[in-house]
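Number of protein chains: 2
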Amino acid sequence: MTQPRFDVLCIGNAIVDVIADADDAFLDAQGLIKGSMRLIDEAEAERLYGVMGPGRELSGGSAGNTAAGLAALGCRTGFIGQVADDQLGTIYRHDIQSQGIDFLVDPRGDVGATARSLILVTTDAQRTMNTFLGAAQLLSAEAIDHSAVKDAAILYLEGYLWDPEGPRAAMESAIAEAKAAGRKVALTLSDTFVVDRHGPDFLRLLDEGKVDILFANAAELASITGQDDHEAGIAKLAPRVPLLVVTHGDQGATAVAGGERVSVAAEPIERLVDTTGAGDLFAAGFLAGQSRGLGLEPSLRLGAIAAAEVIQHYGARPEADLTALAGDLLQPA
Amino acid sequence: MTQPRFDVLCIGNAIVDVIADADDAFLDAQGLIKGSMRLIDEAEAERLYGVMGPGRELSGGSAGNTAAGLAALGCRTGFIGQVADDQLGTIYRHDIQSQGIDFLVDPRGDVGATARSLILVTTDAQRTMNTFLGAAQLLSAEAIDHSAVKDAAILYLEGYLWDPEGPRAAMESAIAEAKAAGRKVALTLSDTFVVDRHGPDFLRLLDEGKVDILFANAAELASITGQDDHEAGIAKLAPRVPLLVVTHGDQGATAVAGGERVSVAAEPIERLVDTTGAGDLFAAGFLAGQSRGLGLEPSLRLGAIAAAEVIQHYGARPEADLTALAGDLLQPA
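Read top to bottom, the protein sequences are chains A and B.
Every letter in the first sequence is one number past the one before it in UniProt numbering, and letter 24, counting from 1, is 24.
Every letter in the second sequence is one number past the one before it in UniProt numbering, and letter 154, counting from 1, is 154.
See the structure below:
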């Protein structure tokens, strides 16, 4: 087989993040649960935007952030996500393309406005996300570039996008295409609310052998396994997927594949600013390692390094030189 | 006279900053002069945006930044600047209003797109600005809220806006209105390219007694006086305006009013990140001091504190609590 065109092809919500500082009292007054993500409609997006503080706009979206991290680590990366033909859509596409990532979907004029997530960052660096999906939820199966899917070593999917019906069908077709082409499929569970709604569906995908690499954080692991105990959750989920990666915040991360199990500590940081994107960049680092043929331990360490970089500044895309931070880890064994 | 509605009313270009990292080689390849500001048309804006790196979008504009600093320091502040009826215009207006600043101009649907400045930040924290004025240059005299101008203790104008013809006429009418109402007028020279084009016009304003407070940095001072020697420049310009404020980067700042002359050192900083907005925030701090009836020395120190905050992060609007940083300085004598 010739070398595929992409190391990783990411499919996800194309969302511009609008990041503002907020205090606990504001979250309380708005009835928001700190650290959560909720979907909101356009009216609520306008209402909340009207009362929140001044924002910084940065391209985001879970799989988009992962794509940015992959590109920063030297991986050949593609991205599929729907934007509208508007200013935020132009910004989103620019930010993807300017990092050398192939943006594989045309903007559309009939899908309302480009998605945005109103992200409130409290002084403890927690992010509370309020996402208006807009155009992103109108990604259709027809928009999927099938030749690109077939020509990517790993297809990476964000669980968030499993929620709206059209993108779910689009991802199902992409999964089928990738598997038929002998490619690997990676999935992140994204959020407990996604697991609450689609847990059985994700377990079905696992049992059908459609997912090769599964990413979950501690809360998502507990939610999908029904096990409050972290170790019990890993023991329950690991046998159902070839490679399970569980992140556990500042307690580090664990990967289980076949009989092998490896854990790494979190990378030390100087100052925690904004945890937005931590999981996305962990996935980027881990997949970059896997793409280079590295083992579980160096792949986990790459994930930890990429996550540590992104939580030390506002925004969910890397700002420092990730390849430099990775150092010797990126050299093939 | 009853207390005016505004401590300061700012008129300026309503510009969204698009901030990206760049290296010297990129500036060279694009033929850009580091540290400069140039005006570009929409075609050049699209071309340059297409080749520059991923951006962070933050509301900017010189007088808008000053308004944000004034509001953060507790001043009752208004802002006049033209935005289009588009997503960037909505963002700009939100960021002004969410800081408690009165946004006094309606968005227009017939003025093209909202202005943006493509700002390339090099690792030495210098900013090279490429500004597409768009809707901002279509601010008209009819858009000026005359009752607001009459009801502001200080009218603050950015020199940048002197360049396009319509806004210049709008500002001339605002100056006349402010002076007739017995208010003070403050002007910043903004940039050497503005001084090159409009220096004689600014000197005419000074000689007609239409400017009470003039802000200039070292380069602008040299340009408008024709004096390369900093002290000679101050000596030449100070007699022509009631209050002259000259900033000199990390060498501090000087104010001259009547027979009094005061200099302060720059505030110490931990890490220089992005000098965008340094002069704008210096003006905010100084005017906040003047609004409280403080003397030249504490007003200069407030300027230095506000400038030091803004150069330690990306973007030209304050992020830390300026009032807390100002401490006892903001207490009236």
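Glycine residues also receive a C-beta, built at the ideal position from the N, C-alpha and C atoms.
Among the options, which residue has its Cα nearest to the Cα of residue i?
i, options, result
"I80(A)", "F215(A), A170(A), L48(A)", "A170(A)"
"S98(B)", "L73(A), S140(A), G50(A)", "G50(A)"
"S299(B)", "G12(B), F286(B), A308(B), E309(B)", "F286(B)"
"R240(A)", "Q251(A), A253(A), G258(A)", "G258(A)"
"A216(A)", "F282(A), I15(A), A71(A), L9(A)", "F282(A)"
"H313(B)", "E270(B), M37(B), A288(B)", "E270(B)"
"A178(B)", "V149(B), Y156(B), F202(B), P167(B)", "V149(B)"
"F103(A)", "A113(A), D207(A), G109(A), T90(A)", "T90(A)"
"G31(A)", "L120(A), L206(A), A181(A)", "L120(A)"
"I172(B)", "I19(B), V211(B), E46(B)", "Looking at the sequence itself, residue 172(B) is Glu, so the reference to Ile does not match. The candidate whose alpha carbon is nearest that of E172(B) is V211(B)."
"D24(A)", "V18(A), G279(A), G100(A), K34(A)", "K34(A)"
"A136(A)", "V246(A), A43(A), G61(A), D21(A)", "G61(A)"
"E208(B)", "L88(B), I175(B), A232(B)", "I175(B)"
"L214(A)", "I305(A), F193(A), G159(A)", "G159(A)"
"A45(A)", "A306(B), H94(B), G327(B)", "H94(B)"
"residue 336(B)", "H248(A), L133(A), V16(A), T122(A)", "Lying before the first or after the last residue shown, residue 336(B) is absent from chain B, which here runs from 1 to 333."
"R108(B)", "A143(B), P318(B), A232(B)", "A143(B)"
"residue 334(A)", "L73(A), S59(A), L161(A), D28(A)", "Look at the range of chain A in this structure, 1 to 333, and you will see that residue 334(A) is not part of it."
"L58(A)", "V18(A), V246(A), D201(A)", "V18(A)"
"H198(B)", "D163(B), A232(B), A180(B), A181(B)", "D163(B)"
"D124(B)", "A180(B), A14(B), A22(B), V105(B)", "A22(B)"
Give the DSSP-derived three-state secondary structure of residue i in the structure shown.
i, result
"Y92(A)", "helix"
"D201(A)", "helix"
"M171(A)", "helix"
"E260(B)", "strand"
"G252(A)", "coil"
"D28(B)", "helix"
"L244(B)", "strand"
"Y314(A)", "coil"
"D196(B)", "helix"
"R127(B)", "strand"
"I269(A)", "coil"
"D207(A)", "helix"
"D17(A)", "strand"
"E297(B)", "helix"
"A84(A)", "strand"
For residue i, I'd like the list of residues in its chain whose CB is within less than 7 Å of its CB, leaving aside the five on either flank, ordered along the chain.
i, result
"T228(B)", "The sequence shown places Asp at residue 228(B), not Thr. Cβ neighbours of D228(B) beyond the five flanking positions: A222."
"L296(B)", "A255, A257, E260, V262"
"C75(A)", "D7, V8, A288, S291"
"A141(B)", "A169, A170, S173"
"K236(A)", "T225, Q227"
"A238(B)", "L244, V256"
I'd like the span of the beta strand (DSSP E) that includes residue i, first residue to last.
i, result
"T188(A)", "184-188"
"I101(A)", "First-last for I101(A): undefined, no H or E at that position."
"R108(B)", "Here R108(B) belongs to no beta strand (DSSP E), and DSSP marks it neither H nor E."
"L322(A)", "Premise fails: L322(A) lies in the alpha helix (DSSP H), 322-326, not in any beta strand (DSSP E)."
"T66(A)", "Note, T66(A): premise wrong, no beta strand (DSSP E); alpha helix (DSSP H) at 62-72."
"S140(A)", "Per DSSP, S140(A) belongs to no beta strand (DSSP E) and is neither H nor E."
"S117(B)", "115-121"
"D7(B)", "6-11"
"R38(B)", "37-39"
If you drop the 5 nearest sequence neighbours on each side, which residues of the same chain put their C-beta closer than 6 Å to that of residue i?
i, result
"V195(A)", "L189, E220, S223, I224"
"G277(A)", "N65, V310, A316"
"T131(A)", "L39, S117"
"M37(B)", "M129, D191"
"P111(A)", "The question names Pro, but residue 111(A) in the sequence shown is Val. Only A84, A135, L138 meet the Cβ criterion."
"I101(B)", "A67, A71, T77, F79"
"L157(A)", "I11, M171, L187"
Take residue i and list the residues in its own chain whose beta-carbon comes closer than 8 Å to its own, dropping the five residues that flank it on each side.
i, result
"A153(A)", "P4, F6, D7, V8, R183, K184, S291"
"L203(B)", "I224, R240"
"L48(A)", "Q30, I40, L118, N130"
"P268(A)", "A308"
In the DSSP assignment, find the alpha helix (DSSP H) that holds residue i and state where it starts and stops.
i, result
"Y49(B)", "42-51"
"A219(A)", "218-225"
"V149(B)", "146-150"
"E57(B)", "Element bounds for E57(B): not the alpha helix (DSSP H) but the beta strand (DSSP E), 56-59."
"I234(B)", "230-237"
"S291(A)", "278-291"
With a cut-off of 7 Å, does the C-beta of residue i fall near any C-beta of chain E?
i, result
"R56(A)", "Protein chains in the displayed structure are A and B, and chain E is not among them."
Against chain A, which members of the region 264-276 of chain B pass a CB distance test of less than 7 Å?
If the cut-off is 7 Å between Cβ atoms, the region 264-276 of chain B has nothing near chain A.
Using a Cβ-Cβ cut-off of less than 7 Å, give me the residues of the region 71-101 of chain B that come near chain A, in sequence order.
D86, Q87, L88, I91, H94, D95, S98, Q99
Along the region 313-326 of chain B, what residues have a CB closer than 7 Å to any CB found in chain A?
G315, R317
Residues from the region 39-55 of chain B in contact with chain A, defined by Cβ distance under 7 Å
Y49, M52, G53, P54, G55
Listed from N- to C-terminal order along the chain, which residues in the region 130-158 of chain B have their beta-carbon within a distance smaller than 7 Å of any beta-carbon of chain A?
none
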